[in-house]
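Asks: Pasting a structure below so you can have a look.
Numbering (the working numbering), first residue to last: 295 to 405.
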């Protein structure tokens, strides 16, 4: 139900920011940034700046329209915005593939 999936849309901005920060400070981020710095040196310190800018871009250009649409997921939003069930399925596959690639370093970090 919507009460469970989005907490009745009552989560404040500070709690939501804390949740996003927890996602950002994951094993994948630590391993990825450490690996980049080990390989490329101090020049790789710009990658976290890019990640942060990307999160701000998501906040401004994706999160607000997603919330206004009432959709729960990116595939829901794709179908709502573009009116295509086929595009929703493509978006679902893209999201699953990205999640799989994200989970690999998470599992490595967990041991």
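Every residue, glycine too, gets a C-beta built ideally from N, C-alpha and C.
1) Could you please give the first and the last residue of the uninterrupted alpha helix (DSSP H) stretch that includes residue 346?
2) Where do the ends of the alpha helix (DSSP H) carrying residue 370 lie?
3) Measure the CB-CB distance between residue 382 and residue 369 and report whether it falls below 8 Å.
4) Once DSSP output is grouped into helix, strand and coil, what is the label at residue 358?
5) Under the three-state reduction of DSSP, which class applies to residue 320: helix, strand or coil?
6) Using DSSP with H/G/I as helix, E/B as strand and the rest coil, what is residue 365?
7) Less than 8 Å between the C-beta atoms of residue 321 and residue 403, yes or no?
8) Among 345, 366, 312 and 349, which residue has its Cα nearest to the Cα of residue 324?
Replies: According to the structure shown:
1) As a working mapping, residue 346 is identified with position 52 in the chain shown. It spans 340-352 - the alpha helix (DSSP H) in which residue 346 sits, taken as one unbroken run.
2) Within the chain shown, the letter at position 76 stands for residue 370. That run of the alpha helix (DSSP H) goes 368-376.
3) Within the chain shown, the letter at position 88 stands for residue 382. Within the chain shown, the letter at position 75 stands for residue 369. Cβ distance < 8 Å, so residue 382 and residue 369 count as in contact.
4) On the chain shown, position 64 is the one that residue 358 refers to. If DSSP states are grouped into helix, strand and coil, residue 358 belongs with the helices.
5) As a position in the chain shown, residue 320 is number 26, starting the count at 1. The answer is coil: DSSP assigns residue 320 none of H, G, I, E or B.
6) Translated into the one-based positions of the chain shown, residue 365 becomes position 71. In this structure, residue 365 counts as coil in the three-state DSSP scheme.
7) The residue given as residue 321 occupies position 27 in the chain shown. The residue given as residue 403 occupies position 109 in the chain shown. Going by C-beta atoms, residue 321 is nearer than 8 Å to residue 403.
8) Position 30 of the chain shown, counted from the start, is the residue given in the question as residue 324. Of 345, 366, 312 and 349, the residue nearest in Cα terms is 345.
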